[in-house]
Amino acid sequence: MLHFFHHALEPWITSYGSLAVAVLVMLESLGLPLPGETALVSAAIYAGTTHHIDIVVLIASAAAGASLGGIIGYWIGRRAGYPALLRHGSRIGLTERRLLAGHWLFENHGGKIVVFGRFFAVLRALAALLAGVTRMDWRRFLIFQIAASILWAGLYGGAADIFGKQIEHVAGPVGVAIGVAIVAAIIVAAVMFHRHGDRLERIAAARAQSKQ
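Next comes the structure, spelled out in structure tokens:
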């Protein structure tokens, strides 16, 4: 299974490397349905198992892509405003309910949403857009956005790289067991993030609507 993973991933990693991950992460941060986070994790595991890509460069590239995507999203929100997002946001998955939820969260929690929103798919693009819509000071936003991007890329990329190295140095049944455990952990983490993200969205949307 690991050999299949390497062969399937190697062509685009060796051809485009960290740049491809940075672009995918940047576009995903703008709300496009692209696997930026998945690309980072996959490339980091590849780096840990083959050493054909520098993990530091990969993490830095992902952080740069996330930062740039958030900055672009901020200026789009600042220039377009809430009415424009309400009219056109559904095209990139920003429904009225998500916009209401995000707007309420941002007004009440500010910069914390920029940081923690990086780790929730439903808030990843919305946080930067709403920072612009609510005209958060751009210098303050920039600090939070860069910090969040570095933290996110470092945690996801670093953990995946460590997992990759552990897989490389363990053979036979133990290696298979570790591989299964890693896959299970990733699945459980994804389910937990989605559950909490959906719950957070429901609560915030209900409170935002109650204030209207």
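The numbering of the sequence shown is our numbering, which starts it at 1 and goes up by one.
Where is the CB? At the ideal position from N, CA and C, for every residue including glycine.
Source: prediction; values computed, not measured.
Q.
Let me make sure I understand the geometry here. Which of I45, A153, S18 has the alpha-carbon closest to that of V285?
A. Because the chain here runs from 1 to 212, residue 285 falls outside it and cannot be looked at.
**Q.** A39 vs A64 beta-carbon contact at 9 Å
**A.** Annotated as distal: A39 and A64, with beta-carbon spacing of 9 Å or more.
Q | Cβ-Cβ separation, A121 to G70 (assumed contact under 8 Å), whole Å | A | At roughly 14 Å, the Cβ-Cβ gap does not stay under 8 Å, so G70 and A121 are not in contact.
Q: Using the Cα positions of S61 and A84, report the straight-line distance between them to the nearest angstrom.
A: Distance between the alpha carbons of S61 and A84: 31 Å.
Q) What is the DSSP secondary structure of D54, reduced to helix, strand or coil? A) D54 falls in the coil class under three-state DSSP.
Q. So is H3 buried or exposed if we call it buried at 16+ other beta carbons inside 10 Å?
A. Any reading at H3 must be qualified, since the residue scores a pLDDT of 48, below 50, and its modelled position is unreliable; no value is offered.
Q: Taking only the alpha-carbon atoms, compute the straight-line gap between R87 and L155 and give it to the nearest angstrom.
A: Near 35 Å, if we compare the C-alpha coordinates of L155 and R87.
Q) Among W75, T134, A148, R124, which residue has its Cα nearest to the Cα of L34? A) Answer by Cα proximity: R124.
(Q) Spatial neighbours of I162 within its chain, please: C-beta separation below 8 Å, excluding the five flanking residues on both sides. (A) When the five nearest sequence neighbours on each side are left out, the beta carbons in the same chain lying within less than 8 Å of the beta carbon of I162 are those of G48, in order along the chain.
Q) What does a CB cutoff of less than 6 Å around V25 pick up in its chain, not counting 5 residues either side in sequence? A) Apart from the 5 residues on each side of it in sequence, V25 sits with its Cβ closer than 6 Å to the Cβ of G36, A62, G65, A66 in its chain, given in chain order.
(Q) Can you look up D161 in the DSSP assignment and give me helix, strand or coil? (A) Reduced to three states, the DSSP call for D161 is helix.
Q) In three-state terms, what does DSSP make of A33? A) Here the sequence assigns Pro to residue 33, which means Ala is not the residue at that position. P33 sits in coil when the DSSP states are folded into three classes, being neither helix nor strand.
**Q.** Element boundaries [alpha helix (DSSP H), containing F120]
**A.** Per DSSP, F120 belongs to no alpha helix (DSSP H) and is neither H nor E.
Q. Which whole-angstrom value is the C-beta distance of I53 and A160, which I expect to be below 8 Å?
A. Cβ atoms of I53 and A160 stay farther apart than 8 Å, at about 12 Å.
Q.
In this structure, how does DSSP classify M136 when only helix, strand and coil are distinguished?
A. It is coil, neither helix nor strand.
**Q.** Per-residue DSSP class, three states only, for G110
**A.** Note: G110 maps to coil in three-state DSSP.
Q. Helix or strand or just coil, what does DSSP make of T95?
A. Judged by DSSP in its simplified three-state form, T95 adopts coil rather than helix or strand.
Q. Do G77 and S29 come within 9 Å of each other at the CB atom, strictly closer than that value?
A. Against a cut-off of 9 Å, the Cβ pair of G77 and S29 comes out as no contact.
Q: Using alpha carbons as the reference points, say which of R91, Y82, R97 lies closest to R135.
A: Minimum Cα distance to R135 is reached at Y82.
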